[in-house]
Amino acid sequence: MLVTGANGGLGAHFVTQALERGAVKVYAAARAPREWGDEHIVPLRLDVTDPESVRSTAARASDVTVLINNAGSSNGSSVLGDVPAVRALFETNFWGALDVANAFLPALLESKGTLLNVLSVLSWLGTGDGYSATKAALWSATNTQRIALAGKGVHVAALHLGYTDTPMTAGLSVDKNDPADVVRAAYDGIEAGVYEILADDISRTVKAALAAPVEALYPQLKGGAG
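Numbering (numbering that gives the first Met the number 0), first residue to last: 0 to 225.
Below, the structure written as C-alpha cells:
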C-alpha cells in the first residue's frame, strides 16, 4: 500500500489504520517524509507536481496493491480572475493525482489492486471556488478511470467528505469530522467493494440533491438575475 500526502491529517490515519487492518508494508509518501518508528512503514519522498519524483517513487514502490491518492492542497484561489493560482492548485489536486495514478497503474494492473481518490463534498458544490473546480475535475476523471479499469480487475473508488479536522481546515470555525472516522469509513468501503464512499451526512445529502434543480443546491440563486 502507498499513501500520498502521508504526513497530513487524513494521510497519517490512512497509514496507521492500514497497519491496524493487517497491512505488512505501507509506503508513506510526502514532500518531506518523516520517520514513523515502525519497520512496516517505509517513508518516501514524493512531490506529486514533479513528474520525475512521481516516476522514481513508482519505480521504488513497484509492489503496491492499494494506492491512496490523498495528497491535496488549498490556496483560496478563485476562478473569477485568479487563474494563475487556480492553475497552480490544479497541478496538485488534479494533474498530480492523475500522474500518480498513471505511474502506479502497471503495479495495480498486475496485482488487480485498488485506487482510492480522496475527493470532497465540494466535488459537487461550487462554493469552494478554485478548490471545488479541482475536485470536480478529479471526480470526473475518477469516473473515467473506474469505467476503463473495471474490466481489467482494478477497483477505483472515490472518497467524499465534508469539513474534517485537518491542518487544511484549521482556520475554520465549523463542525468537523474526526479524520479517524473518515479514514475508517474509507477502508470499510474499500473492503466492501464500494465505488463511491460517502463519509458523512453532508456528502450523502448533497449527492442525493444532485438530481434536483440547481437552485436546491444554491439557494442564493433564488430571486437572482433571472
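Ideal placement from N, C-alpha and C gives every residue a C-beta, glycine not left out. Keep in mind the model is a prediction, meaning the values are calculated, not measured.
For residue i, does the count of other Cβ atoms within 10 angstroms reach 16, so buried, or fall short, so exposed?
i, result
"Ala-211", "exposed"
"Gly-80", "exposed"
"Asn-101", "exposed"
"Pro-178", "buried"
"Ser-76", "buried"
"Arg-150", "Strictly speaking, residue 150 in this sequence is Gly, with Arg absent from that position. When all chains shown are included, Gly-150 counts as exposed."
"Val-173", "exposed"
"Ala-29", "buried"
"Val-47", "buried"
"Tyr-194", "exposed"
"Gln-144", "buried"
"Val-99", "buried"
"Lys-134", "buried"
"Ser-52", "buried"
"Gly-161", "buried"
"Ala-27", "buried"
"Thr-204", "exposed"
"Asp-199", "buried"
"Tyr-186", "buried"
"His-12", "buried"
"Gly-170", "exposed"
State the CB to CB distance for the pair residue i and residue j, rounded to an integer number of angstroms; the pair is presumed to be in contact (CB under 8 Å).
i, j, result
"Ala-84", "Asn-74", "6 Å"
"Ala-106", "Asp-49", "Contact flag wrong, Cβ pair sits at about 19 Å."
"Gln-16", "Val-182", "5 Å"
"Lys-206", "Leu-197", "6 Å"
Taking only three categories from DSSP, how would you classify residue i?
i, result
"His-154", "strand"
"Val-47", "coil"
"Ser-212", "For the record, residue 212 in the displayed sequence is Pro; it is not Ser. In this structure, Pro-212 counts as coil in the three-state DSSP scheme."
"Ala-136", "helix"
"Leu-79", "coil"
"Ala-184", "helix"
"Tyr-130", "helix"
"Leu-124", "coil"
"Phe-93", "helix"
"Pro-105", "helix"
"Ser-52", "helix"
"Ser-73", "coil"
"Leu-220", "helix"
"Ser-172", "coil"
"Ala-60", "coil"
"Arg-33", "coil"
"Asn-142", "helix"
"Asp-98", "helix"
"Val-18", "Checking the displayed sequence, the identity of residue 18 turns out to be Leu instead of Val. Three-state result, Leu-18: helix."
"Leu-118", "coil"
Is the distance from the Cβ of residue i to the Cβ of residue j below 9 Å?
i, j, result
"Ser-131", "Gly-125", "yes"
"Ala-96", "Leu-1", "no"
"Asp-37", "Leu-9", "no"
"Ala-156", "Ile-201", "no"
"Ser-122", "His-154", "no"
"Gly-112", "Gly-4", "no"
"Gly-152", "Leu-114", "no"
"Asn-6", "Arg-33", "yes"
So what does residue i bridge to, in DSSP terms?
i, result
"His-12", "The partner list for His-12 (beta bridge, DSSP) is empty, contrary to what the question assumes."
"Thr-113", "Val-65 and His-154"
"Tyr-26", "Leu-1 and Val-41"
"Ile-196", "Leu-158"
Would residue i pass as an interface residue toward chain D - the criterion being a Cβ-Cβ separation below 9 Å?
i, result
"Ser-52", "Of the protein chains in this structure there is only one, and it is not chain D."
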